[in-house]
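Numbering-wise (the numbering used here), the sequence shown opens with residue 26 and increments by one.
Read the structure below first, then the notes.
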Amino acid sequence: MRLPAFTYLAPRRLEEAVRLLGEHGPEAMVVAGGTDLYPNMKRRQFEPKVLVGLRGIRDLAGIFGSAREGLRIGAGATLTRVSEQREVATHYPALARAAGVVSTPQLRNMGTLGGNICVDTRCNYYNQSYEWRKSIGFCMKKDGDICLVAPGSSRCWAVSSSDTAPVLWSLGAEVTLVGPGGERRIPIQALYQDDGIQYLGKAPDEIVTEIRLPPVDGWRATYWKLRRRGSFDFPVLGVAAAVRLEGDVCRDARVVLGAVASLPRETREVARVLVGERLTPEVIARAADVAAKPSKPLDNTDMVYHYRKRMTRVYVTRALRELAGLPIEGVWPSGMTAREIEEQRGP
Ligand SMILES: Cc1cc2nc3c(=O)[nH]c(=O)nc-3n(C[C@H](O)[C@H](O)[C@H](O)COP(=O)(O)OP(=O)(O)OC[C@H]3O[C@@H](n4cnc5c(N)ncnc54)[C@H](O)[C@@H]3O)c2cc1C
Ligand code: SF4
């Protein structure tokens, strides 16, 4: 598969990038590492005539601040940098882990945090070559007009597949956007919409410039990822869990699921189960029941969907047990046990 022809513009300053995006309107897209955008262009899922490259804008790549005052991570920081930077790795290990399990080392060296939180939603009927999609008559996300997963549906159910988005959500991150109207800062929740096509709640001409993490302030967080292989693959389930403990009593909690819907999914009820309690195996089991409820995957990613739904509860349990310092037995580095690997292969 070859890239189609396009014009590449390489601004050195953010204001120039915003101006260029405005000048070229819907014909233009921004590109950071290009690890998602270029494959999508090869499959003709995106057909921009102009790309505005962000790699030459040095101001976008820094990481500033501390666990005490909060961290500011430039949208252009690579995933490798995010996973290895000392302040992130020491005080926000869940983010370091999520960034460190995206795809492969090569893609993490090119891929950026900004690109990761804006990454396109995915579906088995969409992430295919142009010819493959044409042979089944296309679908409404690109070139067609029905949904092939849910033919009666008027919307697209493609899946939010970012590893870092659920973690950033669980940590209470904010996102800075710069566009023709100036700068604005929004909670990361507001960056997402429950629609597989219009999955971002920002204007197309707004650039993500920075991701802000609040001070650690007693929060402890983790990320568990389910995928077929221990490397390379997108998540088919991501569980980000964060708790704030005083002694051994939970004072606040957030559990956010990735890859179960067109946006990351949080259940606020989890906090009701956990707050004021010690994180015992029984309390964790109850919280996992509640947290897994909004997991309603469809049959449009890898692995059978009822298995992915069933694994939500298992992964929430593991994440919370890890945060509570309880043992988690028989887990492979990929996050799957030998038995689970057998089970998902089916009869
Ligand atoms: C084989 C393979 C495996 C992968 N596995 C994973 C995985 O396991 N987990 C995962 O999360 N991702 C995975 N990815 C997707 C991708 O590599 C990562 O999400 C990566 O972080 C994307 O960042 P990027 O800088 O390369 O984004 P790009 O490809 O440059 O851009 C992605 C999208 O974000 C937009 N964008 C980029 N930067 C900005 C910005 N600053 N402001 C506004 N919009 C912006 C682009 O316009 C584009 O729509 C995989 C990709 C491949 C090819
Ligand atoms: S969910 Fe439906 S419309 Fe969306 S990409 Fe998949 S098949 Fe296409």
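Where a beta carbon is used, it is the ideal one built from N, C-alpha and C, also for glycine.
Please confirm whether residue i and residue j have their CB atoms less than 7 Å apart.
i, j, result
"G280", "V356", "It is worth fixing the name first, because residue 280 is Val in this sequence and not Gly. It is not a contact, given that the beta carbons lie outside the stated cut-off."
"A387", "T189", "There is simply no residue 387 to check, as the chain begins at 26 and stops at 372 in what is shown."
"L262", "R333", "yes"
"T201", "A344", "no"
"K103", "T137", "The displayed chain sequence assigns Thr, not Lys, to residue 103. Closer than 7 Å, so yes."
"Q218", "G226", "yes"
"S128", "F257", "yes"
"G197", "P229", "no"
"R245", "V268", "yes"
"Y224", "T146", "yes"
"T292", "P319", "yes"
"R253", "D327", "yes"
"V298", "R311", "yes"
"E52", "K74", "yes"
"S399", "V126", "With the chain running from 26 to 372 in the structure shown, residue 399 is simply not present."
"S287", "S185", "yes"
"C172", "N325", "no"
"E294", "V315", "yes"
On the criterion of 16 or more Cβ atoms from any shown chain inside 10 Å, does residue i qualify as buried, or is it exposed?
i, result
"F259", "buried"
"M26", "exposed"
"I236", "buried"
"P372", "Confidence is the limiting factor: at P372 the pLDDT is only 43, short of 50, which leaves the residue's position unreliable, though a coordinate-based value still follows. Flag for P372 reads exposed."
"W182", "buried"
"F89", "exposed"
"I353", "exposed"
"N134", "exposed"
"I211", "exposed"
"W157", "exposed"
"Q70", "buried"
"R83", "exposed"
"Y151", "buried"
"L120", "buried"
"T60", "buried"
"V274", "exposed"
"S179", "exposed"
"S154", "exposed"
"L28", "exposed"
Tell me whether residue i counts as near ligand 1, meaning its Cβ is closer than 6 Å to at least one heavy atom of that ligand.
i, result
"F259", "yes"
"A100", "yes"
"L137", "Rather than Leu, the amino acid found at residue 137 in this sequence is Thr. T137: yes, Cβ under 6 Å from ligand 1."
"I232", "yes"
"T105", "no"
"T201", "no"
"C143", "yes"
"M336", "no"
"L132", "yes"
"T146", "no"
"D61", "yes"
"P212", "no"
"V56", "yes"
"V127", "yes"
"G140", "yes"
"P191", "no"
"S187", "yes"
"P29", "no"
Are there any heavy atoms of ligand 4 lying less than 6 Å away from the beta-carbon of residue i, as far as the coordinates show?
i, result
"T247", "In the structure shown, ligand 4 is absent; the only ligands present are ligand 1 and ligand 2."
Please name the residue or residues paired with residue i in a DSSP beta bridge.
i, result
"K250", "G263"
"E294", "Partner(s): none; E294 has no beta bridge."
"D168", "C164"
"W244", "R269"
"F89", "R97"
"R237", "R97 and E199"
"R279", "A267"
"P212", "E199"
"T32", "V75"
"V14", "With the chain running from 26 to 372 in the structure shown, residue 14 is simply not present."
"I232", "V203"
Q: Specify which residues have a beta carbon nearer than 6 Å to any heavy atom of ligand 2, listing them in chain order.
A: Going along the chain, the residues that qualify are C148, Y150, Y151, C164, M165, K166, C172, L173, V174, C181, W182, A183, G221 and N325.
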